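Everything on this sheet refers to the single structure shown next.
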Ligand SMILES: C[S@@+](CC[C@H](N)C(=O)[O-])C[C@H]1O[C@@H](n2cnc3c(N)ncnc32)[C@H](O)[C@@H]1O
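Numbering (the UniProt record's numbering), first residue to last: 1 to 338.
Next up, the structure:
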């Protein structure tokens with residue numbers, strides 16, 4: 001249940017996913033160096049009024065009208081049908097190391113975020129938006145959180161996630177208490193989650209959205225509802241963390257290709273056409289080793305960042321995956337040498 005999303009090949013390195021973290025004003029990370037080249041926009045704050053009025057020269061500001069059904073049911077059906085094949089089969093897969101790499105990235109991101117949170121709070125509540133089959137349940141356990149709400153559009157995935165949590169609970173020892181958990185099936189781009197929590201007053205310290213947010217960029221309304229769900233119930237000082245594909249890299253590779261597609265024998269990314277990249281609804285079909293085959297949408301990051309301001313969020317950290325992993329490896333090496 002490691003996220004399979006990463007439209008990259010193993011050979012050409014993991015350039016497509018961007019770990020991001022949003023926090024409400026007042027808790028900027030001082031240890032997050034800024035990166036200069038796009039898309040590494042960093043440390044934006046509503047107060048600092050960074051100007052993102054100039055949307056990219058490459059991306060045209062065409063906002064698609066809302067479609068009634070859209071691709072959500074296709075996405076849900078796809079993830080519902082994905083089989084949980086077990087570690088033995090997973091380790092034989094050609095994307096085994098890609099999965100592990102993605103999992104490691106998430107572990108570090110989640111671990112660092114919880115470490116920051118713990119400085120101010122003992123009981124940490126988390127919302128896992130697009131939880132899938134529960135690939136991060138163990139990470140939340142290791143992070144010592146108190147409460148977890150898992151939400152996903154794919155009903156079968158939510159059931160498997162809940163089952164996995166139940167198994168963890170029954171296997172656990174009484175001296176290592178497990179967080180309380182709630183499981184919700186919902187389309188986070190169309191339904192408002194505050195109406196679905198068991199406790200209508202639910203609040204969170206962290207919202208985690210791993211390899212999911214790009215599904216919401218089908219329409220402006222869907223992207224906004226997803227953001228609302230992520231941020232609406234965050235306590236002041238809480239974090240919104242996540243990973244999403246890098247639109248710049250996808251467009252760069254598309255433009256370099258002679259067709260409307262690019263990839264290798266492991267993955268392919270197919271656009272409808274070149275040269276027209278609307279801000280919402282810019283669809284591409286992502287296929288990975290026959291496991292993932294699902295429509296996704298470009299997330300133009302400066303726009304995402306701008307939209308987050310509506311929910312009083314400011315960007316405190318953003319990295320391309322290769323840079324993030326290099327930084328982390330450096331940290332590990334220097335800690336070992338101390
Ligand atoms: C690549 S998987 C990632 C799963 C999990 N976050 C992880 O890292 O293991 C993407 C997940 O997003 C979910 N998803 C896609 N669109 C969604 C939506 N509109 N609302 C809620 N979940 C959605 C899918 O069902 C799927 O479980």
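Heads up, the beta-carbon is just placed ideally off N, CA and C, and yes, glycines get one too. No experiment lies behind these values; they were computed from the predicted model shown.
Collapsed DSSP secondary structure at residue i in the structure displayed
i: residue 328; result: helix
i: residue 123; result: coil
i: residue 293; result: strand
i: residue 244; result: strand
i: residue 192; result: coil
i: residue 317; result: strand
i: residue 94; result: coil
i: residue 113; result: helix
i: residue 74; result: helix
i: residue 182; result: strand
i: residue 239; result: strand
i: residue 219; result: coil
i: residue 231; result: helix
i: residue 154; result: coil
i: residue 22; result: strand
i: residue 149; result: strand
i: residue 339; result: Lying before the first or after the last residue shown, residue 339 is absent from the chain, which here runs from 1 to 338.
i: residue 343; result: Outside the modelled stretch of the chain, which goes from 1 to 338, sits residue 343, for which no answer is possible.
i: residue 259; result: coil
Contact under 9 Å by Cβ, residue i with residue j
i: residue 227; j: residue 300; result: no
i: residue 204; j: residue 233; result: yes
i: residue 207; j: residue 237; result: no
i: residue 274; j: residue 260; result: yes
i: residue 131; j: residue 113; result: no
i: residue 282; j: residue 225; result: no
i: residue 155; j: residue 185; result: yes
i: residue 395; j: residue 133; result: The chain is shown only over 1 to 338; residue 395 falls outside these bounds and no answer can be derived.
i: residue 325; j: residue 104; result: yes
i: residue 247; j: residue 277; result: yes
i: residue 245; j: residue 327; result: no
i: residue 135; j: residue 210; result: yes
i: residue 82; j: residue 157; result: yes
Nearest residue (CA-CA) to residue i, options the options
i: residue 279; options: 192, 177, 298, 269; result: 298
i: residue 138; options: 122, 171, 156; result: 171
i: residue 107; options: 256, 73, 242, 121; result: 242
i: residue 196; options: 229, 79, 178, 329; result: 229
i: residue 256; options: 269, 265, 291; result: 269
i: residue 183; options: 198, 169, 174; result: 198
i: residue 321; options: 124, 329, 78; result: 329
i: residue 265; options: 249, 251, 291, 245; result: 291
i: residue 117; options: 235, 173, 294; result: 235
i: residue 75; options: 102, 152, 200; result: 152
i: residue 218; options: 202, 121, 285, 251; result: 285
i: residue 22; options: 331, 323, 317; result: 317
i: residue 78; options: 177, 102, 215, 119; result: 215
i: residue 220; options: 119, 306, 313, 121; result: 306
i: residue 192; options: 303, 331, 115, 231; result: 231
Presumed contact (8 Å Cβ cut-off) between residue i and residue j, rounded CB distance
i: residue 181; j: residue 148; result: 5 Å
i: residue 143; j: residue 110; result: 6 Å
i: residue 289; j: residue 94; result: 6 Å
i: residue 212; j: residue 129; result: 6 Å
i: residue 146; j: residue 123; result: 4 Å
i: residue 262; j: residue 253; result: 5 Å
i: residue 222; j: residue 190; result: 7 Å
Heavy atom of ligand 2 within 8 Å of residue i beta-carbon
i: residue 187; result: Ligand 2 is not among the ligands present in this structure, which contains only ligand 1.
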